[in-house]
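Step one of this worksheet: look at the structure below.
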Amino acid sequence: MSVEEYRRLLGILLLWALVPFPFLYIILPPFWLAATAVGLVLAVRPSVNIRLSQTALNLIGVGIIIAVAVAGGLRVGPLRPLGHLLLLLTSVRSLMVTDRQSFLRALLPVSLVWVVALTSSTHVTVVVYFCFSAVFWWWAGMRIHLTGIENGGRWTGRPLPRMRHAVVAAVVALILSIPIFLALPRLRSPWIAGRGGASSVTGFTSNVALSGVGSIAQSHEVAMAVRSVSGDPLR
6 MSVEEYRRLL GILLLWALVP FPFLYIILPP FWLAATAVGL VLAVRPSVNI
56 RLSQTALNLI GVGIIIAVAV AGGLRVGPLR PLGHLLLLLT SVRSLMVTDR
106 QSFLRALLPV SLVWVVALTS STHVTVVVYF CFSAVFWWWA GMRIHLTGIE
156 NGGRWTGRPL PRMRHAVVAA VVALILSIPI FLALPRLRSP WIAGRGGASS
206 VTGFTSNVAL SGVGSIAQSH EVAMAVRSVS GDPLR
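Using the working numbering, the letters of the sequence shown correspond one by one to residues 6 to 240.
This is the structure we're talking about:
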C-alpha cells in the first residue's frame with residue numbers, strides 16, 4: 006500500500022466511525038463536523054500532505070484545550086468533554102499521516118472514536134452498525150497486516166482476506182453483541198446521554214421519584230407546563 010492508500014483508508018475508517026454521531030446527543034455538532042471534514046479530505050484527496058512544525062502543533066494543542074473547555078459539558082457527564090478532546094486530537098493526528106508508522110499511530114484514536122460512537126448509542130439499530138463494523142474493521146486490519154509496505158512501496162504479494170472469513174467474523178460479532186445490547190438500554194444510567202428511537206434515554210426510571218433519583222433540573226426533558234386560566238402572567 007502506498008502512503009495515499011493508507012491516508013484514504015484512514016479517512017474511510019474515520020468517516021465510518023462518525024456515522025452514528027449525527028444521531029447522538031453526547032457530542033456537539035461542531036466537533037464531529039470538523040472530524041467529518043478531515044475524513045472527507047483524506048478519502049477524496051489523499052495526496053494532500055500537511056506538515057506542521059513543532060511550534061504549530063503546540064499552538065494547535067493549546068487551541069484544542071481551549072475549545073474543549075469553552076464547550077464544557079461536564080453536567081452531562083465526562084464523556085462529552087473527553088469525546089470532544091478525542092475528536093479534535095484524532096483529526097490532527099489523521100492529517101499528519103505521512104508513512105506506515107504514522108498511519109498505525111493514527112489508527113488508535115480513530116478506533117477510539119468508533120468505540121465512543123458505539124457506547125453512546127442505545128437504539129437497537131446499533132447492533133447492525135456493530136456487525137458491519139466488525140466486518141469492515143476485520144477486513145481493514147487484515148489488509149494492513151498482509152500487504153504493508155516493503156522497499157519503498159513494493160507489494161508483498163500475500164492474498165487479501167477472503168469473503169467467507171468476513172462472513173464468519175460478522176456472525177460471531179452478532180452473537181457476541183446480543184447480550185450486550187439487550188442489557189445496555191435497561192441500565193438506565195445517567196452516563197448514557199444518547200438519543201435513540203422516539204424518546205431520549207436519561208438517568209430517570211419510568212416511575213419518577215424525585216426524592217430518590219435526583220433534581221428534575223438535571224433532566225433535559227420538559228417536566229411540567231403551567232398556564233394561567235385567566236391569561237394573567239404567573240409569578
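By construction, the Cβ of each residue, glycine as well, lies at the ideal position given by its N, Cα and C atoms.
Is the beta carbon of S126 sitting closer than 8 angstroms to the one on P25? Yes, the pair counts as a contact, with Cβ atoms nearer than the cut-off.
Taking contact to mean at least 3 C-beta pairs separated by less than 8 angstroms, is the region 94-104 in contact with the region 9-16? yes
With respect to the alpha helix (DSSP H) encompassing R110, which residues constitute its N-terminal and C-terminal limits? R105 to T124
Extent of the continuous alpha helix (DSSP H) run through L29: Careful: L29 lies outside any alpha helix (DSSP H) and carries neither H nor E.
For G16 and R50, the rounded distance between their alpha carbons: Distance between the alpha carbons of R50 and G16 is about 10 angstroms.
For R12, which three-state DSSP category applies? helix
Would you grab the beta carbon distance between I31 and L84 for me? Rounded to a whole angstrom, and I think it's under 8 angstroms. Between I31 and L84 a beta carbon distance of about 6 angstroms is seen, short of the 8 angstroms cut, so the two are scored as contacting.
Residues in the same chain with beta-carbon distance under 6 angstroms from F36, minus the five sequence neighbours each way, listed in chain order, please. H89 and L92
Where does L19 land, buried or exposed, given buried means 16+ other C-beta within 10 angstroms? buried
Taking contact to mean at least 3 C-beta pairs separated by less than 8 angstroms, is the region 165-178 in contact with the region 128-146? With a cut-off of 8 angstroms, the region 128-146 and the region 165-178 count as touching, because enough Cβ pairs lie within range.
Which one of V73, L179 and H150 has the shortest CA to CA distance from L109? For L109, the closest C-alpha among the options V73, L179 and H150 is that of H150.
Looking only at its own chain, which residues have a Cβ that is under 8 angstroms from the Cβ of I65, when we skip the five neighbours before and after it? L57 and V97
What's the C-alpha gap between W119 and I71? 24 angstroms
Tell me the rounded alpha-carbon separation between S233 and R80. If you take the alpha carbons of S233 and R80, they lie about 32 angstroms apart.
By a C-beta neighbour count over all protein chains shown, 10 Å radius and 16 as the cutoff for buried, is V43 buried or exposed? buried
Would you kindly work out how many angstroms separate the C-alpha atoms of S52 and L45, rounded to a whole number? 12 angstroms
With a Cβ-Cβ cutoff of 8 angstroms, do A40 and T95 count as a contact? Judged by beta-carbon spacing, T95 lies within the 8 angstroms limit of A40, meaning their Cβ atoms are closer than that value.
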